[in-house]
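Report on the structure given below.
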Amino acid sequence: MQQERSSQTPKQPLQVRKSQTDLSAWRKGRTTNGEKSVQNHQSPDGQKNDSEQGSFEQALSYFKKVPDRVSLRKNTALQKSLAAVETIALQRGLPPEGFHVLLKVALSGKLADAVNARLLKCLVPASVVPEGAVVSAVSLLCVSKCSSNVQLLFIRWLITMFDYIDSKEQLHALYAVFFHLLQDEKMCPYVCHLLYLLTRKENVKPFRVRRLLELQAKMGMQCHLQALLSLYKLFCPELVTITLPGKTKNFFKNSEGPWKAAMNTVRQRNFPVHQPLLLGTAQPQSRKRKWNAQLIVPASSTSRNNLEENRGSHVDLYSTSQSFPVEQLQTFPQLLHNIHRLEFPSQMASVLTNPLLLHYMNCVKDESVYLRLHFWMSQALQEECTWCVADNHQNEEEFKIFLETIYKTECFLQEGFSSCEEFLYKSLPLWDGVCCQSQVLKLVSWIPLRSFSGMKSQLYDPLAQLFFTSSLYFKCGVLESLTELLQNWLNCHMFCPDSESESQVHSLDTTLSGLLNALAELINFVGRISTAALRLERKSSFLLHFILSFYETVCDIYLRYNLPLLILPPAGIFYPALLSMSPVILNQLCYLMYRYRTNLVAAKKNELSKKKSLQFKISSQTYREYNQYVIAMVGCLWTSNVFQKDTHPQGLRMDEELLKATAVQDYKTSFNIVYHPAMIGYAVQFLQQAFPDEATLNFSLIKGKRWNWYLEFLYAQGLEGLKAFIESSINRVSRAPHGKAEDHESEDRV
């Protein structure tokens with residue numbers, strides 16, 4: 002969306018283009034994207050719009066010439082003009098031309114405070130707010146013609162509309178003026194917020210630091226002062242030597258209350274289509290609210306015109322003598338040439354949908370950027386959460402898009418935001434598991450790695466409560482999210498092996514031991530809830546697939562991520578998978594056991610090859626438990642002696658008298674690869690192909706050489722996990738020509 006200054010902007014005369022730049026363009030009903038006019042003079046709606054537009058023009062003309070000390074109660078013209086402005090502003094938004102007039106009259110002190118407040122509350126832009134109008138308003142603010150309440154309301158309006166101002170250079174030049182307003186105790190919190198948005202490194206001066214410290218000594222440790230001091234300390238740590246609290250959830254008061262509903266109405270009218278986050282190098286060309294999926298950096302007309310003028314010259318564009326505004330950042334080569342002098346945007350929301358700025362965040366670890374983004378995102382998540390704020394249910398779809406945008410940004414950066422972590426910890430106990438379900442579970446997968454002591458009560462306990470009381474599909478979604486969470490934590494360790502110097506694991510009690518403890522607790526937590534879920538869902542194969550997918554990551558931790566951690570699935574997962582009626586689940590389990598064996602063998606070799614005793618090594622209990630599982634699988638699938646040889650405390654071992662009492666014929670072979678409920682379908686297909694003329698199926702024919710043929714048939718069906726397990730864990734005596742199925746023996750190789 003092109004954004005131009007109005008005719009009253011000092012630096013540039015008005016240029017009429019296709020976008021909405023002046024009152025005449027706005028009157029014609031043009032959209033900000035330069036689409037065709039929506040006028041319809043023949044329809045009643047068109048006539049109504051013409052009438053409203055005429056009334057609005059008359060209202061602006063009235064406010065331009067309004068005399069001093071006009072009473073609202075006795076002045077019909079004022080009442081009519083004020084109503085016309087409110088109607089248009091709250092439904093369609095004001096054109097840039099209107100802000101010069103209305104701001105001037107609201108801050109001039111000509112009208113009563115009630116009228117001035119109503120004017121300020123209806124200053125909602127249809128497209129942009131011209132910087133010249135804001136600068137003129139600040140000059141009126143300094144002469145103190147209006148009351149303190151009107152001044153405070155103007156500062157709140159300025160903060161709320163900050164992202165809509167078409168340029169910021171003149172506002173930055175007024176930094177000292179705004180800083181002087183800190184002496185007003187009532188305005189101080191909002192002025193701090195405004196200064197926080199405007200602050201650059203060159204604004205941090207020793208005398209300003211001293212002034213903030215004096216205010217802190219006078220008022221106490223206020224959140225707004227702490228926020229500004231934190232930003233100053235990031236820019237110039239040598240000037241701010243005091244110790245500041247590590248975390249504060251909410252630094253600034255909400256400023257957009259009077260304008261929020263009107264902004265929603267105008268946004269939905271002018272920008273009805275949402276666009277996804279684009280991770281290319283092109284800038285999105287549409288603009289909505291300051292945080293949603295269509296947010297971009299507001300490009301000032303001056304910067305845009307300078308870019309067009311200097312497009313052919315690399316001398317100005319890549320000069321090292323001054324900072325490089327993000328409004329001019331259009332291509333990746335520009336980012337590479339100017340990354341050392343890039344001036345980050347005042348409005349942090351624009352970062353989420355600008356791939357070039359995300360590249361910058363990945364390349365340059367600027368703590369001030371992350372701090373400002375954390376402050377803004379914490380407040381936005383808290384105020385817009387549809388299940389934490391009572392009147393926000395109608396904005397659920399918009400909140401979904403916001404969460405989706407944050408998730409895509411985390412995927413791009415390959416790290417989670419601490420503000421999202423705080424939001425999840427606070428909101429999960431209040432969440433019903435339905436609203437924004439997909440988006441919330443995606444955010445869970447990017448929670449930064451922390452110690453278990455904090456995560457148990459804040460994440461695992463509320464998540465488990467929802468897990469047990471929700472549907473099968475929600476359970477699968479939670480397991481998928483926790484699988485991605487484990488993968489992200491492991492990747493974090495893989496990319497940052499020296500965890501002492503990395504912020505991702507700074508909160509762990511120790512380095513490697515803290516990492517292992519956090520991973521182990523996550524794995525054990527998934528094991529506990531999965532065991533209970535299988536009982537609740539009657540051993541669902543669909544649920545088992547997601548559980549075993551989680552353990553596919555767990556089984557390769559030692560070899561793939563070089564961490565001495567291997568945790569087997571509990572018996573409540575292993576045995577339901579072993580006896581599952583789904584061949585997919587059985588094949589998946591066989592592959593898991595094959596990978597566990599590969600990792601355990603490698604771990605044992607490494608332990609034996611090192612002379613010194615290792616500080617971290619695989620527990621002997623893990624080897625014993627694995628051997629018990631292997632004996633059970635081989636006895637079940639191969640040797641048909643699972644009821645006699647299974648030594649696991651929760652295994653299938655049963656007394657022979659009890660087995661005979663079941664009246665099941667050939668109970669010993671009930672779960673081998675021929676008769677197993679998951680495999681009997683393959684056995685039927687094999688017999689039909691091997692003996693097409695036989696009227697009845699005789700499963701006892703699958704023995705000897707036919708047993709080997711049957712195995713080849715199974716492997717040809719894509720059961721690669723079964724093949725890997727049999728070839729790695731079973732010593733096949735039957736490879737001899739005279740071998741029989743009954744001669745197959747197992748060999749424990751671990």
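To convert, count from 1 in the sequence shown and add 1; that's our numbering. C-beta atoms are modelled at their ideal positions from N, C-alpha and C, and glycine is treated no differently.
Compute the beta-carbon to beta-carbon distance between residue i and residue j, rounded to the nearest angstrom, for a pair I have assumed lies under 8 Å.
| i | j | result |
| --- | --- | --- |
| residue 136 | residue 183 | Contact doesn't hold; Cβ gap of about 20 Å is too wide. |
| residue 240 | residue 192 | Actually they do not touch by this definition, with Cβ atoms about 20 Å apart. |
| residue 216 | residue 226 | 6 Å |
| residue 127 | residue 95 | 6 Å |
| residue 722 | residue 592 | 3 Å |
With DSSP as the reference, label residue i as helix, strand or coil.
| i | result |
| --- | --- |
| residue 403 | helix |
| residue 558 | helix |
| residue 642 | coil |
| residue 569 | coil |
| residue 95 | strand |
| residue 699 | coil |
| residue 229 | helix |
| residue 166 | strand |
| residue 333 | helix |
| residue 71 | strand |
| residue 182 | helix |
| residue 253 | coil |
| residue 305 | Model confidence at residue 305 stands at a pLDDT of 36, short of 50, so the residue's coordinates are unreliable; what they give is reported in the following sentence. Here residue 305 sits in helix by DSSP. |
| residue 325 | strand |
| residue 450 | coil |
| residue 259 | helix |
Could you tell me the boundaries of the alpha helix (DSSP H) in which residue i lies?
| i | result |
| --- | --- |
| residue 554 | 542-555 |
| residue 438 | 438-445 |
| residue 380 | 368-385 |
| residue 728 | 721-730 |
| residue 691 | 681-691 |
| residue 133 | 132-143 |
| residue 241 | Residue 241 -> no alpha helix (DSSP H), and no H or E assigned at all. |
| residue 428 | 419-428 |
| residue 158 | 149-161 |
| residue 466 | 462-470 |
| residue 357 | 356-364 |
| residue 432 | Per DSSP, residue 432 belongs to no alpha helix (DSSP H) and is neither H nor E. |
| residue 190 | 189-199 |
If you draw a straight line from the C-alpha of residue i to the C-alpha of residue j, how long is it?
| i | j | result |
| --- | --- | --- |
| residue 116 | residue 107 | 8 Å |
| residue 171 | residue 162 | 16 Å |
| residue 567 | residue 487 | 13 Å |
| residue 424 | residue 405 | 15 Å |
| residue 122 | residue 146 | 19 Å |
| residue 559 | residue 489 | 16 Å |
| residue 448 | residue 563 | 22 Å |
| residue 724 | residue 704 | 18 Å |
| residue 158 | residue 398 | 26 Å |
| residue 189 | residue 181 | 10 Å |
| residue 296 | residue 365 | Any answer about residue 296 is weak, because its pLDDT of 35 lies below 50 and its placement is not dependable; what the coordinates show is given next. Those two C-alpha atoms are separated by around 22 Å. |
| residue 427 | residue 350 | 22 Å |
| residue 92 | residue 261 | 13 Å |
| residue 314 | residue 203 | Reliability of the predicted coordinates at residue 314 is poor, the pLDDT of 37 falling under 50, and no value is obtained from them. |
| residue 198 | residue 352 | 14 Å |
| residue 456 | residue 583 | 35 Å |
| residue 334 | residue 556 | 43 Å |
| residue 578 | residue 413 | 36 Å |
| residue 731 | residue 381 | 58 Å |
| residue 715 | residue 544 | 24 Å |
| residue 458 | residue 118 | 46 Å |
| residue 111 | residue 141 | 12 Å |
| residue 374 | residue 169 | 19 Å |
Keeping to the same chain, check which residues put their C-beta closer than 6 Å to that of residue i; ignore five residues upstream and five downstream.
| i | result |
| --- | --- |
| residue 655 | 644 |
| residue 672 | 637 |
| residue 720 | 588 |
| residue 594 | 726 |
Taking only beta-carbon atoms, is residue i less than 8 Å away from chain B?
| i | result |
| --- | --- |
| residue 186 | Absent from the structure: chain B. Only one protein chain is present. |
For residue i, which residues in the same chain have their Cβ closer than 8 Å to its Cβ, ignoring the five residues on either side in sequence?
| i | result |
| --- | --- |
| residue 565 | 517, 559, 604, 615, 617, 618, 619 |
| residue 386 | 393, 400, 424, 428 |
| residue 421 | 378, 382, 407, 411, 444, 447, 448 |
| residue 186 | 220 |
Please go through the same chain and pick out, in chain order, the residues whose beta-carbon is closer than 7 Å to the beta-carbon of residue i, but skip the five residues on each side of it.
| i | result |
| --- | --- |
| residue 718 | 683 |
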